[in-house]
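Under numbering that gives the first Met the number 0, residues 0 to 95 are what the sequence shown spells out, in order.
Beta carbons: idealized from backbone N, C-alpha and C, even for Gly.
Heads up, the thing below is written out as structure tokens.
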Amino acid sequence: MSTGRSMIFLERQTYRRRRLIDWIRMLPIIGLILWLVPLLWPVDGSGQVSTSDAVVYLFAVWFVLVVIKAISSTALARARRAEDAERGKPDQPEQN
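Put into structure tokens, the structure is as follows:
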């Protein structure tokens with residue numbers, strides 16, 4: 000009889016889906032950190048960044064986050080459909 004811990008096996012698709020969910024949950028935190036970067040830019044002297052550059056930066060970060068979120072959610076939906084198909088469940092529309 001073995002007293003050691005048994006290994007927990009996760010299917011590859013389930014593991015990838017969970018990591019994708021973790022990634023989607025981290026996006027707002029990453030976005031917040033990126034939005035706070037302009038606070039670190041110099042305010043005085045010759046290295047000063049203009050307000051228009053800061054606004055362009057914020058909108059660029061926002062746009063990139065939206066695109067990443069759209070791609071990630073599409074990948075998550077595809078992974079869920081593949082996992083359901085593998086288990087033999089019929090296609091059902093997601094309910095929120």
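- For P27, the enclosing alpha helix (DSSP H) begins and ends at 11–35.
- In terms of Cβ geometry, W34 and L57 form a close pair [threshold 8 Å].
- In the three-state reduction of the DSSP assignment, R86 falls in the helix class, which pools H, G and I.
- Annotated three-state conformation of R79 is helix, per DSSP.
- Rounded to the nearest whole angstrom, the CA to CA distance from G46 to W40 is 8 Å.
- Straight-line measurement puts the Cα of V66 at about 24 Å from the Cα of T50.
- Distance from the CA atom of L38 to the CA atom of A53, rounded to whole angstroms, is 10 Å.
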